[in-house]
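Asker: In mature numbering (1 follows the signal peptide of the UniProt record, and there is no 0), the protein residues as written are -22 to -1, 1 to 461. Pasting a structure here, questions to come.
Given below as structure tokens:
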């Protein structure tokens, strides 16, 4: 009898334990699969990169990924600067990545898609020598998967686990802003950002003293360093096995493993890379707004899927006000691969003192990166005071949690930004203007809600009712705008 009671007691404890876990999990947002809720934020801060990695071919700057705001959104942010004739070692991430090209430089990008053919092929063999002192020899015709030119305003998709790389073939530095969505369901590991390279010795930057400490010290700093570990995936494979499967000499295996390589994440191609690609004339047509094909679900397969969309051209804006600015979005509708990544982006430009109306995202967190200018930004949650009310300037990042209201007013020099969003079809609800919630409510309801006259309610509903999302400044706002 006592044994039965003991079993019943253990069963009851187990049931209560699992119910408790279910209740705890149910109280957290769906993207948070890693323990306690991370979005209990009462104060937001504008963030600058806290880690810096210098390499032969450029610079990598990282926003501290165990910052509470970035944990809330489940993302990591990286700014990469690639020098002329340099490229980053091909590699893959444990989470999807969305890349924005701000107004600086141009280059090429490629994603290696498993099982797809090498459709870029050269048909000629020729005599040549690649390095000084090397004997002339016949160079075999090359073939590789598709490469894509990239330019300012491009948004580039990089699916989880797919090998990809960037190369700067321009005349100036190429700057890239990467958003890595570690909270994605396609990341089956944990919420730590992991980078796997196919060559080099990326950790040599830290080992050779080129890593610079950020503002965080002690336990938190150590925790971050553990999370940002990245390495050459071949280094752990036995030399003999690697020599056998690659069919090369032992000396080549040593090179593949990156032993003794101190160049870091990015390296320079001294004589440039010889790539198989369309003619320069065809690339120039693209760069100057040439037509691009849109997949319709039939003709687009994973091997031919478009990986980029340009959101920098005001002529293709989704919202445009000649006195206030414009907004352009990219989502799963105009770049179908984003449905697989579950990410989207918004490019915004506000002219001097213009206002982006108060609004909130129904189904996504927003990560704002400022590309130019400054603005007064307010973020309002379900607290009495704003969780953020201050200046946001070039190079800063601000995380806006889902459903938190947001408004921006540009300074005297205007304001430009890109926002990454954690849903493939992020939706906005405006709180002012023609498409706002006010326009959808009856006038009498507004009058009763705010205890105002019907005339005042009509003014509230219709006075700025012809403008959508972005408002030109009134004469009163010009007098009190930010400098």
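Quick reminder that beta carbons are idealized off the backbone N, C-alpha and C, glycines included. Source: prediction; values computed, not measured.
Which one of 354, 383 and 382 has the shortest CA to CA distance from residue 371?
Answerer: To locate residue 371, count along the chain shown from 1; it is residue 393. Looking at the Cα atoms, 354 is the closest of the given residues.
Asker: In angstroms, rounded to a whole number, what distance separates the CA positions of residue 388 and residue 373?
Answerer: As a working note, residue 388 is residue 410 in the chain shown. As a working note, residue 373 is residue 395 in the chain shown. C-alpha separation (whole angstroms): 15 Å.
Asker: Along the beta strand (DSSP E) that carries residue 361, what are the first and last residues, could you check?
Answerer: Within the chain shown, the letter at position 383 stands for residue 361. Segment: none, residue 361 is in no beta strand (DSSP E) and carries neither H nor E.
Asker: I think residue 470 touches residue 335, with their Cβ atoms under 8 Å apart; what is that distance to the nearest whole Å?
Answerer: This structure gives no information on residue 470, because the portion of the chain shown stretches from -22 to 461.
Asker: Exposed or buried, which one is residue 66 when buried takes at least 16 other CB atoms within 10 Å?
Answerer: Mapped onto the chain shown, residue 66 falls at position 88. Buried, since its Cβ has 16 or more Cβ neighbours within 10 Å.
Asker: Since residue 415 is in the alpha helix (DSSP H), which residue starts that stretch and which ends it?
Answerer: Here residue 415 corresponds to residue number 437 of the chain shown, with the count starting at 1. Where residue 415 is concerned, the enclosing alpha helix (DSSP H) stretches over 415 to 418.
Asker: Note down the Cα distance separating residue 37 from residue 144, rounded to an integer number of angstroms.
Answerer: Here the question's residue 37 lines up with position 59 in the chain shown. Here the question's residue 144 lines up with position 166 in the chain shown. Spanning the two alpha carbons is a distance of roughly 13 Å.
Asker: Give a yes or no on contact between the stretch 231 to 251 and the stretch 23 to 35, applying the rule of three or more CB pairs nearer than 8 Å.
Answerer: Flag = yes, the stretch 231 to 251 and the stretch 23 to 35 touch.
Asker: Among residues of its own chain, excluding the 5 on either side of residue 82, which ones have a beta-carbon nearer than 8 Å to its beta-carbon?
Answerer: If you number the chain shown from 1, residue 82 lands on position 104. 130, 150, 151, 152 and 153.
Asker: If you run the structure through DSSP and keep just helix, strand and coil, what is residue 12?
Answerer: Within the chain shown, residue 12 is the residue found at index 34, counting from 1. Below a pLDDT of 50, predicted positions are generally treated as unreliable, and residue 12, at 44, falls in that range; the measurement from the model is reported next regardless. DSSP places residue 12 in coil when its eight states are reduced to three.
Asker: Using 8 Å as the threshold, is the C-beta distance between residue 287 and residue 133 below it?
Answerer: Indexing the chain shown from 1 puts residue 287 at position 309. Indexing the chain shown from 1 puts residue 133 at position 155. Cβ distance < 8 Å, so residue 287 and residue 133 count as in contact.
Asker: Rounded to the nearest angstrom, what separates residue 414 and residue 405 at their Cα positions?
Answerer: The count along the chain shown starts at 1 and reaches residue 414 at position 436. The count along the chain shown starts at 1 and reaches residue 405 at position 427. So the alpha carbons of these two residues sit roughly 13 Å apart.
Asker: Just verifying my parser: in three-state terms, what is the DSSP assignment at residue 475?
Answerer: This structure cannot speak to residue 475, because the chain is shown only from -22 to 461.
Asker: Can you say whether residue 167 is buried or exposed, counting buried as having 16 or more other CB atoms within 10 angstroms of its CB?
Answerer: As a first step, residue 167 must be located in the chain shown, where it is residue number 189. Exposed, by the Cβ-count rule.
Asker: Taking DSSP as the reference, what is the three-state secondary structure of residue 223?
Answerer: Translated into the one-based positions of the chain shown, residue 223 becomes position 245. In this structure, residue 223 counts as helix in the three-state DSSP scheme.
Asker: Checking the sheet assignment: what are the DSSP bridge partners for residue 243?
Answerer: Here residue 243 refers to the residue found at position 265 when the chain shown is read from its first residue. Residue 243 is not bridged to any residue.
Asker: Would you tell me roughly how many angstroms separate the C-alpha atoms of residue 213 and residue 74, rounded to the nearest one?
Answerer: By 1-based counting over the chain shown, the position of residue 213 is 235. By 1-based counting over the chain shown, the position of residue 74 is 96. About 24 Å.
Asker: Check for me: the beta strand (DSSP E) holding residue 322 runs from which residue to which?
Answerer: By one-based count along the chain shown, residue 322 stands at place 344. Run containing residue 322: 322 to 328, per the beta strand (DSSP E) assignment.
Asker: In or out: residue 376 buried (at least 16 other Cβ within 10 Å) or exposed?
Answerer: Taking the chain shown and counting its residues from 1, one reaches residue 376 at position 398. So residue 376 ends up on the buried side.
Asker: Would you decide whether residue 428 is buried or exposed? Buried here means 16 or more other CB atoms lie within 10 Å of its CB.
Answerer: Residue numbering aside, residue 428 sits at position 450 when the chain shown is read from its first letter. Exposed is the call here.
Asker: When DSSP labels each residue in this structure, what does residue 132 get in the three-state scheme?
Answerer: Here residue 132 refers to the residue found at position 154 when the chain shown is read from its first residue. Three-state DSSP puts residue 132 in a strand.
Asker: Under 8 Å between the Cβ atoms of residue 172 and residue 44?
Answerer: As a first step, residue 172 must be located in the chain shown, where it is residue number 194. As a first step, residue 44 must be located in the chain shown, where it is residue number 66. No, the pair does not count as a contact, with Cβ atoms beyond the cut-off.
Asker: Would you be able to state if there are at least three C-beta pairs under 8 Å between the stretch 51 to 67 and the stretch 336 to 348?
Answerer: Flag = yes, the stretch 336 to 348 and the stretch 51 to 67 touch.
Asker: Mind the definition here: the stretch 316 to 326 touches the stretch 292 to 307 only if three or more C-beta pairs lie below 8 Å; say whether that holds.
Answerer: Contact between the stretch 316 to 326 and the stretch 292 to 307 is present, because at least three Cβ pairs lie under 8 Å.
Asker: Quick check on the DSSP output: the beta strand (DSSP E) that includes residue 287 runs from which residue to which?
Answerer: Numbered from its first residue, the chain shown carries residue 287 at position 309. 286 to 288 is the extent of the beta strand (DSSP E) around residue 287.
Asker: Is the beta carbon of residue 302 less than 8 Å from the beta carbon of residue 338?
Answerer: The residue you call residue 302 lines up with position 324 of the chain shown. The residue you call residue 338 lines up with position 360 of the chain shown. No, Cβ-Cβ distance for residue 302 and residue 338 is not below 8 Å.
Asker: If you check the beta carbons only, do residue 402 and residue 312 fall under 8 Å apart?
Answerer: Taking the first residue of the chain shown as 1, we reach residue 402 at position 424. Taking the first residue of the chain shown as 1, we reach residue 312 at position 334. No, these two residues do not count as a Cβ contact at 8 Å.
Asker: Alpha carbon to alpha carbon, how far is residue 223 from residue 289? Give it in angstroms, no decimals.
Answerer: Translated into positions along the chain shown, residue 289 becomes position 311. Translated into positions along the chain shown, residue 223 becomes position 245. So the two alpha carbons sit approximately 44 Å from each other.
Asker: Where does residue 282 sit, in a helix, a strand or coil, going by DSSP?
Answerer: If you number the chain shown from 1, residue 282 lands on position 304. Coil at residue 282, not helix or strand.
Asker: Roughly how many angstroms separate the alpha carbons of residue 381 and residue 42, rounded to a whole number?
Answerer: Mapped onto the chain shown, residue 381 falls at position 403. Mapped onto the chain shown, residue 42 falls at position 64. Distance between the alpha carbons of residue 381 and residue 42 is about 24 Å.
Asker: With a 10 Å radius around its C-beta and 16 neighbouring C-beta atoms as the bar for buried, classify residue 127 as buried or exposed.
Answerer: One-based indexing of the chain shown puts residue 127 at position 149. Buried, since its Cβ has 16 or more Cβ neighbours within 10 Å.
Asker: Are the CB atoms of residue 321 and residue 407 within a distance shorter than 8 Å?
Answerer: Here residue 407 corresponds to residue number 429 of the chain shown, with the count starting at 1. Here residue 321 corresponds to residue number 343 of the chain shown, with the count starting at 1. No, Cβ-Cβ distance for residue 407 and residue 321 is not below 8 Å.
Asker: By Cβ distance, which residues of its chain are closer than 7 Å to residue 69, with the 5 residues on each side in sequence left out?
Answerer: For the purposes of this step, residue 69 is taken as residue 91 along the chain shown, with counting starting at 1. Only 141, 173, 174, 175 and 176 meet the Cβ criterion.
Asker: Could you check the C-alpha separation between residue 412 and residue 180 for me, to the nearest Å?
Answerer: The residue you call residue 412 lines up with position 434 of the chain shown. The residue you call residue 180 lines up with position 202 of the chain shown. One C-alpha to the other measures close to 51 Å.
Asker: Tell me the DSSP secondary structure of residue 422 in three-state form.
Answerer: Position 444 of the chain shown, counting from 1, holds the residue named residue 422. Three-state DSSP puts residue 422 in a helix.
Asker: Can you find the residues in the same chain that come closer than 7 Å, C-beta to C-beta, to residue 306, ignoring five residues on each side of it along the sequence?
Answerer: The residue labelled residue 306 in the question sits at position 328 within the chain shown. Hits under 7 Å: 289, 294, 295, 296 and 325.
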